[in-house]
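Residue 111 in our numbering sits at position 94 of the sequence shown; the count goes up by one each step and never skips.
The beta-carbon is built from N, C-alpha and C at its ideal position, and this holds for glycine as well.
Just so it is clear, the structure is predicted and the values come from calculations on it, not from any experiment.
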Amino acid sequence: MDFVQVETTAPRTLEIPQIALPPTALSETSRIPKDAIRTSLKASTADSVLAAVYSLGTGGILLSNFLVELGASPVVFGMLCSIPMLVNLIQPLGAYLSERSTSRFQYSLRTHGIGRLLWLVLVIGIIGLNLGVINTHQLVILTLLIVLFSNLLGGLGAASWLSWVAMIVPRQLRGRYFGIRNSAASLTNLVCVPIAGLLVSHWYGGSIQGYGVVLLIGIVFGIVGLGCQYFQVDMNPRSQNTYYGKLSQTNKLEQEAREQGIESKGDSSDGDSTLPVAPASSIWKNSNFLRFLLYVSFWALAVNLSSPFFNLYMLDTLDLDVSYVTIYNSLQAAATLLMLIVWGKLADKIGNRPILICIGILVAATPLLWLGIGADHLDIWLWLPLLHILAGGTWAAIDLCNNNIQLAIAPVKNQSIYFAIAAAVAGASGALGTTIGSFIVQFAQFGGLLGLFALSSLFRLAALIPLLFVKEPERA
Numbered sequence: 018m019d020f021v022q023v024e025t026t027a028p029r030t031l032e033i034p035q036i037a038l039p040p041t042a043l044s045e046t047s048r049i050p051k052d053a054i055r056t057s058l059k060a061s062t063a064d065s066v067l068a069a070v071y072s073l074g075t076g077g078i079l080l081s082n083f084l085v086e087l088g089a090s091p092v093v094f095g096m097l098c099s100i101p102m103l104v105n106l107i108q109p110l111g112a113y114l115s116e117r118s119t120s121r122f123q124y125s126l127r128t129h130g131i132g133r134l135l136w137l138v139l140v141i142g143i144i145g146l147n148l149g150v151i152n153t154h155q156l157v158i159l160t161l162l163i164v165l166f167s168n169l170l171g172g173l174g175a176a177s178w179l180s181w182v183a184m185i186v187p188r189q190l191r192g193r194y195f196g197i198r199n200s201a202a203s204l205t206n207l208v209c210v211p212i213a214g215l216l217v218s219h220w221y222g223g224s225i226q227g228y229g230v231v232l233l234i235g236i237v238f239g240i241v242g243l244g245c246q247y248f249q250v251d252m253n254p255r256s257q258n259t260y261y262g263k264l265s266q267t268n269k270l271e272q273e274a275r276e277q278g279i280e281s282k283g284d285s286s287d288g289d290s291t292l293p294v295a296p297a298s299s300i301w302k303n304s305n306f307l308r309f310l311l312y313v314s315f316w317a318l319a320v321n322l323s324s325p326f327f328n329l330y331m332l333d334t335l336d337l338d339v340s341y342v343t344i345y346n347s348l349q350a351a352a353t354l355l356m357l358i359v360w361g362k363l364a365d366k367i368g369n370r371p372i373l374i375c376i377g378i379l380v381a382a383t384p385l386l387w388l389g390i391g392a393d394h395l396d397i398w399l400w401l402p403l404l405h406i407l408a409g410g411t412w413a414a415i416d417l418c419n420n421n422i423q424l425a426i427a428p429v430k431n432q433s434i435y436f437a438i439a440a441a442v443a444g445a446s447g448a449l450g451t452t453i454g455s456f457i458v459q460f461a462q463f464g465g466l467l468g469l470f471a472l473s474s475l476f477r478l479a480a481l482i483p484l485l486f487v488k489e490p491e492r493a
């Protein structure tokens, strides 16, 4: 196994498999032992669990219920859905800034830390509402502003965090590790969402006060989760980029030598020969990454044509009680929890692209299964639960493998910039898909929700075509 030398803020070194070490050392750091990597992975998993608790109060059904209690208009809910996607456009700027920092951990504290602390302002706002200092309309505006700025700060730090984790997790274990990590977060949601819902609904001071208590608890867990990142091996982006820039030049010389029949002593044959190390040209000349961007943009648009409207279909068209929808969401979370580890192990064995193509076809057909759903007992107690279980199992594969294949095809040098561009493209396309879907729903001549589901299914199937031309690096 080969090692790459990476500067850290602590006297540790990082073991990164599948990369051949050049003949001459480029820095004066020693290797990081495997125990340090194991500690980093455990810390990252703990961070995901604590971050899941933080997310309960700052998004999802609890935040939506809070806005309903405040009497928010449908426009507010539309903004609530679009803000997290649109702020992804700022990720390239965040990646640019992160590559000029000297510590991934410190950069994460400045972005995610401030973003999570911003929610304390909403807790103060809820206290102000109970004291009569502000009214519900002002609190709704304050909530949207906090959602906007918190997500903006999260967008600035997202690409840097992903690049950090990508350098820590051994390449051959990515599928298995992220499967376990995401399963831990899903289990947290499965257990904590019902508890938080009961706390909010049965709080003696009312549901708005109850939400404030849950939000405060979530913020505390979120800050503790950031503290777990202290135990991860830190990275210096400048040293990383300098190292891989030199490594790319070394690999070019070795390539020329091999073409002339000269074997390089620094070459290693036990790694992944197609692992991207550093871009030979600009991002826009990286044809494989551009094909991946094309797939991501089409897929995000096709999915968001319909995905925000399935709950609306159940609550409005079918007129189901919200308790039924909560049960269905719990079943979906349970299916995700069970299948994530399975998909992770399978991805490590056969690769991510075959899973994305096969499961993507099934996900594309799923909206068509909603066309025959009604409000009778058979649909309520059998078909709708089965649909949500199917969605939980299939989307576990899509989310996991999309993340893994992105980690595989992005060059290591300036890696966060690649991640940021992919997130920005997906965010813009997703917001556009939601806007188009909202337009279609409002006009009955387009078929309403059912017509939208059928159209989304066709778009999802077409979005898989660019994926056929994306090349995933061969596995060791």
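Assigned exposure category for residue i - 16 Cβ within 10 Å defines buried
i: Gln249; result: buried
i: Ala479; result: exposed
i: His405; result: buried
i: Lys51; result: exposed
i: Trp136; result: buried
i: Gln432; result: buried
i: Gly229; result: buried
i: Gln246; result: buried
i: Ser99; result: buried
i: Gly149; result: exposed
i: Val380; result: buried
i: Asn421; result: buried
i: Trp301; result: exposed
Run of the alpha helix (DSSP H) containing residue i, from where it starts to where it stops
i: Ile372; result: Arg370 to Ala382
i: Asp393; result: No alpha helix (DSSP H) contains Asp393, which DSSP labels as neither H nor E.
i: Gln509; result: This structure gives no information on residue 509, because the portion of the chain shown stretches from 18 to 493.
i: Gly192; result: Arg191 to Ser218
i: Thr128; result: Run containing Thr128: none; DSSP gives neither H nor E here.
i: Phe83; result: Gly77 to Glu86
i: Tyr113; result: Gln108 to Ser115
i: Gln249; result: Element bounds for Gln249: n/a, residue is neither H nor E.
i: Ala413; result: Leu401 to Ile426
i: Val164; result: Thr153 to Ile185
i: Asn321; result: Ser304 to Asn321
i: Arg477; result: Gly465 to Ala480
7 Å Cβ shell around residue i - same chain, five flanking residues per side excluded
i: Gln108; result: Gly172, Ala175, Ala176, Ala437, Ala440 and Ala441
i: Gly145; result: Ile151
i: Ile163; result: Leu135, Trp136, Val138 and Leu139
i: Ala183; result: Leu424 and Gln432
i: Gly242; result: Asp64, Leu67, Ala68 and Tyr71
i: Ala201; result: Thr62, Ser65 and Val66
Cβ shell of residue i (< 8 Å), same chain only, five flanking positions each side left out
i: Phe476; result: Phe315, Leu318, Ala319 and Leu322
i: Thr383; result: Leu404, Leu407, Ala408, Thr411 and Ser474
i: Ala392; result: Leu335, Asp336 and Leu337
i: Asn328; result: Val342
i: Met331; result: Leu337, Tyr341, Val342, Tyr345 and Leu401
Chain-order list of residues whose beta-carbon lies under 6 Å from that of residue i (same chain, five-residue window excluded)
i: Ala352; result: Ile406, Gly409 and Gly410
i: Asn206; result: Ala69 and Ala350
i: Ala427; result: Tyr435
Any chance the region 331-349 sits against the region 161-179, with 3 or more Cβ pairs inside 8 Å? Contact between the region 331-349 and the region 161-179 is not established, with fewer than three Cβ pairs separated by less than 8 Å.
Across the region 315-325 and the region 436-450, are there enough close Cβ pairs to call them in contact, namely three or more that are closer than 8 Å? Counting Cβ pairs under 8 Å, three or more are found: they touch.
Check whether the region 193-210 touches the region 118-136, counting contact only when three or more Cβ pairs, one atom from each stretch, lie closer than 8 Å. No: the two stretches stay apart, fewer than three of their Cβ pairs being nearer than 8 Å.
Quick test of the definition: if touching needs 3 or more C-beta pairs under 8 Å, does the region 357-370 touch the region 301-314? Output reads no: the region 301-314 does not touch the region 357-370.
Count Cβ pairs between the region 217-235 and the region 388-404 that sit closer than 8 Å; are there 3 or more? Between the region 217-235 and the region 388-404 there are fewer than three C-beta pairs closer than 8 Å, too few to call the two in contact.
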